[in-house]
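Worksheet: one structure, shown below.
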Amino acid sequence: MSNDSLDPRVNRLKLGDAGEVVKVEEGENWNIYEVFHQEKRGAHHEHVGCVHAPDPQLALVFAKEQFARRKRCVNLWVVKSADILAFDVEDEDMFANNLEKTYRDASGFKVMEKINKFKQSK
Amino acid sequence: MYGGGYIFDEPNRKQLREEEQHDEPEKLAAFEERIAKGEKIEPGDWMPVEYRRQLIRLIEQHAHSEIIGALPEGTWITRAPGFKRKLALIAKVQDEIGHGQLLYNAAETLGKSREAMINDLLSGKSKYSNVFNYPAETWADVAVIGFLIDAAAIVNQVANAKGSYGPYCRALERICYEESFHLKQGHDAFIELATGTPAQKDMLQDALNRWWQPIMHFFGPPDKASSHSEKLMQWKVKMASNDEMRNQFLESYVPKIWELGLTLPDPALRKNPESGRWEYTDPDWDEFFRVINGGGPCNTERLQVRKWAEEQGRWVRKALMRPTEKRAFPVA
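The listed protein sequences derive, respectively, from chains A and B. All residue numbers for the first sequence refer to UniProt numbering, where the first residue is 1 and numbers rise by one. All residue numbers for the second sequence refer to UniProt numbering, where the first residue is 1 and numbers rise by one.
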């Protein structure tokens, strides 16, 4: 490689053309942690993404760099992706009748009709 | 920063096994119906093999572009003119690396590990945006990159953010928000040179002349030469054609360059008042392919620096490793 690179590292380190092929081993980039961001005290922590880290403490450090560079943040949580238990997306139909359960919804009870009917009957 | 409209096919892509080449027709129909309705596809959902493959390729190359794209600008941190410009450039370069991380995570949800992606970058199997194979020779180059390359990337990323794959869209939403600062600080540096001393104006004009062709290359070959993008459009992996995005970029940014009294090195460049579309001389596409395939001025250097960083950081990563822990792909 020519020695007139604009990147000072290339000149300083005399990075050459040839060189062994670098191979990153599987697992070398550690584990994956999901990150939860809290915008203000009293608010829920919300999932914002994930980071690679060797342990929870460093995951917090990386999460701060990655997800709290801007805007308000008062707290972060991290949790290993492998520790998250979720329903299978194919079981989505188990929630299908949620919207039909009027008996557990305020809108499912019409009290005014009954009150008015009672008043008129007097 | 830097998507680029052109998705490079893996040169030595493995032949899919026979059963993987055929998706079950009922599942495929349901999948395409969901996309047509505007629904997002999430990591655990059924998806066609080809959809997964194309998305990994697209998102991975976008991630590599962010990481490699930080190199030409990063070298200017020590030489930035003044404290405010230096602070802004450090912040921008850090953002780009952060964008790379977000995108690697999005690609990982599709089942390719971060290590495999980095290996494919280092071996040259996986590409990154062609513009980063050119050097940033002067401070004016940094202004041109910050303003125009970021602007081009935003056109591309805003389009992709409306795509069908949930994790990619969410990453792009965050990225586009941060890019607005990159574009503004680039425009500001650009204007300062354009309205400065004659020497500053000359330096900017020179940078613009050198960068115009890579910028025209940025969105990829013309539609008439691009194959197999129909399916990608239907699946909302590709949201607009290369020519469409190039035209949108010219429409928004050529007037912003001309209003500062600068010129562009293409006498044919003009907006056709009847069609409302921009006309230009076709850039040299042979040069584009020559540079992609390793023939650009900085290809070797970029990968060398990346390999060096990988090697130098290895002992730290290894010292902290806990290989017995169970690993998993990101959940969303």
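Every residue, glycine too, gets a C-beta built ideally from N, C-alpha and C. This structure is a prediction, so every number in the text was calculated from the model and none was measured.
Helix or strand or just coil, what does DSSP make of residue i?
{"i": "GLU325 (chain B)", "result": "coil"}
{"i": "PHE36 (chain A)", "result": "strand"}
{"i": "GLY69 (chain B)", "result": "helix"}
{"i": "ASN160 (chain B)", "result": "helix"}
{"i": "MET117 (chain B)", "result": "helix"}
{"i": "ASN29 (chain A)", "result": "coil"}
{"i": "LEU76 (chain A)", "result": "strand"}
{"i": "ALA53 (chain A)", "result": "strand"}
{"i": "PHE87 (chain A)", "result": "coil"}
{"i": "ASP93 (chain A)", "result": "helix"}
{"i": "ARG306 (chain B)", "result": "helix"}
{"i": "VAL24 (chain A)", "result": "coil"}
{"i": "LYS318 (chain B)", "result": "helix"}
{"i": "PRO255 (chain B)", "result": "helix"}
{"i": "TYR134 (chain B)", "result": "coil"}
{"i": "ASP188 (chain B)", "result": "helix"}
{"i": "PHE109 (chain A)", "result": "coil"}
{"i": "GLU24 (chain B)", "result": "coil"}
{"i": "GLU261 (chain B)", "result": "Per the sequence presented here, residue 261 (chain B) reads as Gly, with Glu not at that position. Three-state DSSP puts GLY261 (chain B) in coil, outside helix and strand."}
{"i": "ARG104 (chain A)", "result": "helix"}
{"i": "ALA240 (chain B)", "result": "coil"}
{"i": "ARG9 (chain A)", "result": "helix"}
{"i": "CYS176 (chain B)", "result": "helix"}
{"i": "LEU15 (chain A)", "result": "coil"}
{"i": "GLY294 (chain B)", "result": "helix"}
{"i": "THR109 (chain B)", "result": "coil"}
{"i": "VAL331 (chain B)", "result": "coil"}
{"i": "GLY124 (chain B)", "result": "coil"}
Determine which residues share a DSSP beta bridge with residue i and list them.
{"i": "GLU279 (chain B)", "result": "B:ARG270"}
{"i": "HIS47 (chain A)", "result": "A:PHE36"}
{"i": "TYR165 (chain B)", "result": "B:ILE41"}
Give me the chain B residues within the contact set of residue i, using Cβ-Cβ distance strictly less than 9 Å, ordered along the chain.
{"i": "CYS73 (chain A)", "result": "Ordered by position in chain B, no residue passes the 9 Å Cβ test against CYS73 (chain A), which lies about 14 Å from the chain."}
Using the beta-carbon of each residue, which ones in chain A are nearer than 7 Å to residue i?
{"i": "ASN105 (chain B)", "result": "GLY49, CYS50"}
{"i": "SER180 (chain B)", "result": "Chain A residues near SER180 (chain B): none, gap ~11 Å exceeds 7 Å."}
{"i": "SER113 (chain B)", "result": "GLU26"}
{"i": "GLN213 (chain B)", "result": "Those do not exist, as GLN213 (chain B) stays about 19 Å from chain A at its closest Cβ, beyond 7 Å."}
For a contact defined as C-beta to C-beta under 8 Å, what are the partners of residue i on chain B?
{"i": "LYS122 (chain A)", "result": "Per Cβ cutoff of 8 Å: no residues; LYS122 (chain A) is ~53 Å from chain B at best."}
{"i": "ASP55 (chain A)", "result": "LEU320, ARG322"}
{"i": "LYS117 (chain A)", "result": "Simply none; closest approach about 44 Å."}
{"i": "LYS14 (chain A)", "result": "Here the premise fails: no neighbours, minimum Cβ distance about 10 Å."}
Run down chain A in chain order and give the residues with a C-beta less than 8 Å from the C-beta of residue i.
{"i": "LEU71 (chain B)", "result": "ASP7"}
Whose Cβ in chain A lies nearer than 9 Å to the Cβ of residue i?
{"i": "GLY44 (chain B)", "result": "ALA86, ASP88, VAL89, GLU90"}
{"i": "ILE56 (chain B)", "result": "Here the premise fails: no neighbours, minimum Cβ distance about 16 Å."}
Taking only heavy atoms of the ligand ATP into account, decide whether any of them is closer than 7 Å to the Cβ of residue i.
{"i": "PHE288 (chain B)", "result": "For the ligand ATP, the structure offers nothing, since it holds no ligand at all."}
| said: Which residues of the segment 124-137 of chain B have a Cβ closer than 8 Å to any Cβ of chain A? Give them in chain order. | reply: Cβ contacts with chain A: PRO135, ALA136, GLU137.
| message | If we require 4 or more residues per run, which alpha helix (DSSP H) segments fall completely within the segment 33-103 of chain B? | response | Counting only runs of 4 or more, we get 49-74.
| query | Got a sec: which bits of the segment 29-44 of chain A sit with their beta carbon under 8 Å from any beta carbon on chain B, in order along the chain? | reply | Of all residues in the segment 29-44 of chain A, ASN29, TRP30, ASN31, ILE32, GLU34 have a Cβ within less than 8 Å of some Cβ in chain B.
| message | At a CB distance below 8 Å, what residues from the segment 62-89 of chain A approach chain B? Give them in sequence order. | response | Of all residues in the segment 62-89 of chain A, GLU65, GLN66, ARG69, ARG70, LYS80, SER81, ALA82, ILE84, ALA86, ASP88, VAL89 have a Cβ within less than 8 Å of some Cβ in chain B.
| said: Please give me, in chain order, every unbroken run of the beta strand (DSSP E) with length at least 3 that falls completely inside the segment 194-238 of chain B. | reply: As far as the segment 194-238 of chain B is concerned, it has no whole beta strand (DSSP E) run of at least 3 residues.
| message | So if I threshold CB-CB distances at 8 Å, which residues from the segment 78-90 of chain B count as touching chain A? | response | Under the 8 Å Cβ criterion, the segment 78-90 of chain B contributes THR78.
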